[in-house]
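I have placed the structure first, in the form of structure tokens, so that the comments after it can refer back to it.
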Amino acid sequence: MVKAVLRSSAQGCLGDTMMILTVTGRRTGRSYEIPVSYVADGAVLTCITGIDNAWWKNLRGGADVAVLLQRSRFRGYAEASTGVANIPVIESFLAARPRDARFHQVRRSVHGKFDADDLTRAAQTRVVIRVRLWPEC
């Protein structure tokens, strides 16, 4: 249902926080469309998924992808990374998308800071995906 909403003119606020990432399976050649929350920094889109999801493994070492972003299609190059080196990226992502913190099981203190242990655990159980969009021709 999320994919249908993101494709429609009724996308509303979802279009500002979610995109459809199309990944091609390395063994099967099959296309997978995955709705994901994202944060944009210029031509770089960052998203996070659970390490148990299989689709991100097609991005190991980098791969060409397609993106449906605010009802516009783009092409780009995506890379997946795992591990504690991603803690600052995850923290920055969650600061921009605080509603996603609960999904990634990261709590905030009464002072508004993300719990360091939760961030470490998230870095061990989540995958950071960075998509660099190609310039339009």
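Under the UniProt record's numbering, the letters of the sequence shown match residues 1 to 137, in that order.
Ideal Cβ positions, reconstructed from N, Cα and C, are used throughout, including at glycine.
- CA-to-CA, the gap between leucine 45 and valine 131 works out to about 5 Å.
- Cβ atoms of arginine 126 and glycine 50 come within 8 Å of each other, at about 6 Å.
- Fewer than three Cβ pairs drawn from the segment 101–108 and the segment 53–67 lie within less than 8 Å of each other, which leaves the two stretches out of contact.
- The three-state reading of DSSP puts threonine 17 in coil, since its state is none of H, G, I, E or B.
- Secondary structure of valine 110 (DSSP, three-state): coil.
- Looking at Gly62, Leu133, Ala40 and His111, the one whose alpha-carbon comes closest to that of glycine 25 is Gly62.
- The alpha-carbon of serine 81 is positioned some 18 Å away from that of alanine 43.
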